[in-house]
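Using mature numbering (1 follows the signal peptide of the UniProt record, and there is no 0), the letters of the sequence shown correspond one by one to residues -23 to -1, 1 to 556. Note that beta-carbon positions come from the ideal geometry of N, C-alpha and C, so glycine has one too. This one's a predicted model, so the numbers in the text were calculated from it and none came from an experiment. In what follows, a single structure is set out as C-alpha cells and then discussed.
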Amino acid sequence: MQIRAEPLSLIAAILLLAGCASKSPDAVAPSFSQLAEQIWQAETALRTPAPGTLTDMSPAALAARQQQRLALQQQLQAVDLNQLSEQDKINHAILSYRLADEIDQYRFNAHLMPLTSESGFHTALAFSFQRSALRQTNDYQQYLQRLAAIPGYMMQQIALMQQGLDQGITQPAVVLAGFEQSISSYIAQPEQSVFFQPLQRKSDLISEQEWQSFRQQALGIIETAVNPAFQGFYDFMVQHYLPGARQDIAASTLPNGAAFYQNRLEHYTTLQMTPQQVHDIGLAEVARIRAEMQQVIDSLGFTGSFADFVQFLREDPQFYPQSADELLRYAAWLSKRADAQLPRFFKLLPRTPYGVVEVPAEIAPKYTTGRYSGATRDDQAGYYWVNTYALNRRPLYEMEALTLHEAVPGHHLQISLAREQGDLPDYRRTFYTSAFGEGWGLYAEYLGLEMGFYQDPYSNFGRLTYEMWRAARLVVDTGMHSLGWSRQQAIDFLAENTALSMHNVQTEIDRYISWPAQALSYKLGELTIRRLRQQAEQQLGDKFDIRVFHQVVLDNGSVPLAVLEQQVRNYIQQQLSSS
C-alpha cells in the first residue's frame, strides 16, 4: 500500500507564524484569513490522500494526524475573537467545529467502528472510485495505483475493526443483519465491477491503444486484488465481526459511552443540551403533531382508531407505486412543481441542476427512503436519490414531503447555493452541519404548505407523519442511547406514532442505533429556524419579506445554530434601524 506524506511543512509554517506573532509587538502577525487558510490547507491535506494512494489507516498514521490536528486546534484557540470581523468570527467557529469533530472522533475511538447499519468504509471507497474523472494519461495511471492499494487499505480497516472487537467497541449485532450483502455486491466479474466503470468511456486526451492497455490492467487488478480484498472483508464480517459484535444497543454502554453520546449530541445539534432535555422536547412535539394528525383523520370521515388508519395506509395498494419507474417519474414531477415555486420564496437560485435517480442497488435494501447526493465538481449535477427497493414500502403520500426535503427547496438548494458562493472560503462553501442542513430540510417540508403542496389530505398526513418521524427521533434516540430504552420499545414508539411502513420503521431505528445523536439534528434545527422566522415576522410586521429572510438564513452557508441566531438578530435590527 502506498502511504501518503503528512503535511508537516504546512503545520510547521502555522506554528512558525504563531510563534512570530507572540515574540514581540514589532513582529508582523499574519491576518486571521491567512492563518485560517493555512489551517484549512493542513486539515485538507490530513483528510486527502496523495494522488495514486489511499489514506493510511495504520495506528501510527492515525495517531500522528491526531497530534497534528491538536496543534492546529491550539492555534485557533489562541486567536482573540474580539479582534475579528463578523465574517471571520463565523470562519473561526466553523474551522473550530470541523477540527473538534475530527479530534473527538479519534478520542472516542470512532475509527474502530468504521460503519453504520447503512454503509461503511467499503461503500465510501467504492463511491470515491466511481466518481473518478479520468482524462489525462496520469489520471489513468493514478487510478490503477489506487486500485492496487485497495488490499492494503482493506486490511488496515479490518485490523481496526478487530481492535474494536477486542475492546468491545463495535456496532450492535442487531443492526448488522444482512450487512454482508453490502460487501458481496461489490464482488463481481471484473467487467461488471463498479471499480471498472470509470474506464468504460475513453477520454479524448488519450489514444485508443493507451485506453485498451489501461482497461486490461484494471481488469487484472480487479480480479487479482480488488475482488479478493472484498472477499476477505466479507469473510471477516461473517466469521468474526457479526458473531462478536456487542449485544447492547446504547452508545452509553460503550467504553466512556455516556461522554461519547453527549459529545455527539452537542456536535450534531450544535446546542448545549442534555439527553433528557432533548427527550422532553420530543415528547411535547409528538403530542402536538399527533393532535394535528387526528384532525386530518377526522376530516376524511375515518371512524376507526389512529392505529386502524395507519394500518389502512400501510396496506392499501392505492398508496403504493406499481413500478420503480412510476415512483421515479412521480418524484421528478414533484421536483418540477417545486422548481416553479422557488422564485416566490428565494431571491437567489443555484446554477447547479439536479437529477432524480434510484438509490444504488447494492445499498438499497438497508438504505433510507431517499437522500440528496451533492455535486463535487463544477461539471456535475446534484442528485435526489429515491429508494425503489421494496415498492410496497414506499408510500406515494410521503413523496411530496420527501421531495421538498431532499431536492428543492431543501438540500439541493441549500447545499448548491453554499458551494456557489465564491466570496466564501472553501471551508465555508463545503461545510455541512446536520443541525443547519437537516433543520433546513425539515423547514423546507413545512414551507411546502405555502408553496401549494399537500392539497390532498393523505399527502398532508404524509407531511405530518414525516414531521412526527423527526419529532419521534428526539424521543427514541435519547431513549435508546441514554435512558435505557430497548430497540423494540423504540420500534413500537415510532410505529405507533407515524404512518411509516414497518420496513422503514425498523431501518430507521437501526440507523439511529448505529449513528448516535445524528437524528436529533433535524427537529431541533427546524424548530430553531421556525422560531427565528416567527420572531422576524412579529418584530418586522409589514417590513418582513420572506425572500429576504431566506436569503439571510442561507447567505452564510451551513452554520452552527448559535451563529444563525445571531445573523437573524442582526438582520432584524438592521431592518428596524432602516425604518
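Taking C-beta to C-beta, are residue i and residue j nearer than 8 Å?
i, j, result
"Gln450", "Ala496", "Note on residue identity: the sequence assigns Arg, not Gln, to residue 450. Their beta carbons are under 8 Å apart, which means Arg450 touches Ala496 by this criterion."
"Ile258", "Leu441", "no"
"Gly456", "Ala467", "yes"
"Phe9", "Leu61", "yes"
"Leu368", "Tyr307", "no"
"Pro386", "Phe289", "no"
"Arg405", "Pro298", "no"
"Met428", "Gln318", "yes"
"Tyr361", "Val336", "no"
"Ile274", "Thr100", "no"
"Val363", "Leu401", "no"
"Ile80", "Gln52", "no"
"Pro128", "Ala206", "yes"
"residue 628", "Gly518", "Absent from the model: residue 628. The displayed extent of the chain is -23 to 556, so no value can be given."
"Leu231", "Ile164", "no"
"Asn240", "Phe408", "no"
"residue 604", "Thr247", "The requested residue 604 does not occur in the structure, where the chain is confined to residues -23 to 556."
"Met214", "Glu157", "yes"
"Asn102", "Gln194", "In the sequence as presented, Asn is not what sits at residue 102; that position holds Leu. Their beta carbons are not under 8 Å apart, which means Leu102 does not touch Gln194 by this criterion."
"Tyr423", "Arg508", "no"
"Gln45", "Leu23", "yes"
Residue i and residue j look like a contact to me (Cβ under 8 Å); what is the Cβ gap, rounded to whole Å?
i, j, result
"Ser312", "Thr380", "6 Å"
"Ala268", "Ala222", "Contact flag wrong, Cβ pair sits at about 40 Å."
"Val453", "Val263", "10 Å between Cβ atoms; not a contact."
"Phe140", "Pro28", "The residue asked about is misnamed: residue 140 is Gln in this sequence, not Phe. Between Pro28 and Gln140 the Cβ distance is about 29 Å, and since that is not below 8 Å, they are no contact."
"Ser436", "Arg291", "Contact doesn't hold; Cβ gap of about 16 Å is too wide."
"Leu153", "Ser94", "7 Å"
"His244", "Asp78", "6 Å"
"Ala315", "Ala384", "7 Å"
"Thr475", "Met445", "5 Å"
"Tyr83", "Gln148", "Rounded, the Cβ-Cβ distance is 18 Å, inconsistent with contact."
"Glu375", "Gly416", "Incorrect: roughly 19 Å between the Cβ atoms, too far for contact."
"Ile486", "Gln512", "So it is not a contact: roughly 35 Å between Cβ atoms."
"residue 557", "Leu553", "Outside the displayed span of the chain (-23 to 556) sits residue 557, for which this structure offers no information."
Spatial neighbours of residue i within its chain, please: CB distance less than 7 Å, with the 5 preceding and 5 following residues excluded, ordered by chain position.
i, result
"Met34", "Tyr130, Gln133, Gln134 and Leu137"
"Gln54", "none"
"Ala125", "Ile198 and Ala202"
"Arg192", "Leu176"
"Phe279", "Phe286"
"Gln544", "Val529 and Asn533"
"Phe210", "His99, Met131, Ile135 and Ile160"
"Ser1", "Summary for Ser1: the model assigns pLDDT 36, below 50, so the residue's position carries little reliability; its value from the coordinates is reported in the next sentence. Excluding sequence neighbours, Ser1 sits near nothing in its chain."
"Ile226", "Pro149, Val151, Met457, Arg464 and Ile490"
"Gln174", "Gln107"
"Ile67", "Asn533, Val536 and Val540"
"Phe237", "Phe85, Ala228 and Leu231"
"His480", "Ala367 and Arg370"
"Ser350", "Gly359, Tyr360 and Trp362"
"Arg510", "Phe526"
"Thr346", "Asn364, Arg371, Leu379 and Asn481"
So if DSSP puts residue i in a beta bridge, which residue, or which two residues, is it bridged to?
i, result
"Tyr360", "Gly332 and Ser350"
"Tyr97", "The residue you asked about is not Tyr; residue 97 is Gly in the sequence shown. DSSP, once it has assigned bridges, lists Leu92 as partnering Gly97."
Within the same chain, show all residues whose beta-carbon is closer than 8 Å to that of residue i, passing over the 5 residues directly before and after it, in chain order.
i, result
"Ser555", "none"
"Pro434", "Val273, Ser276 and Leu277"
"Gly461", "Ala227"
"Gln208", "Ile164"
Say yes only if the C-beta of residue i is nearer than 7 Å to one or more non-hydrogen atoms of the ligand SAH, and no if none qualify.
i, result
"Leu471", "As presented, the structure is devoid of all ligands, the ligand SAH included, so that no description of it is given."
Could you name the residues of the same chain whose beta carbon sits closer than 6 Å to that of residue i, not counting the 5 residues immediately before and after it, in chain order?
i, result
"Gln50", "Leu76"
"Phe430", "Glu377"
"Tyr499", "Glu415, Leu419 and Arg447"
"Leu182", "Arg112 and Gln113"
"Thr32", "Pro26"
"Gln166", "none"
"His388", "Tyr349 and Gly418"
So, does the region 108 to 128 touch the region 250 to 257, judging by three or more C-beta pairs under 8 Å?
no
Below 8 Å, can you find three or more Cβ-Cβ pairs linking the region 514 to 534 to the region 273 to 287?
no
Touch test, the region 527 to 539 against the region 56 to 74, Cβ-Cβ under 8 Å, three pairs minimum
Proximity of the region 527 to 539 to the region 56 to 74 meets the contact definition, three or more beta-carbon pairs being nearer than 8 Å.
Any contact of the region 36 to 48 with the region 502 to 510, i.e. 3+ C-beta pairs under 8 Å?
no
Count the C-beta pairs between the region 76 to 96 and the region 481 to 491 that are closer than 8 Å, then say yes if the count reaches three, no if not.
Output reads yes: the region 481 to 491 touches the region 76 to 96.
Hey, is the region 393 to 410 in contact with the region 325 to 332, meaning 3+ C-beta pairs nearer than 8 Å?
Segments in contact, yes.
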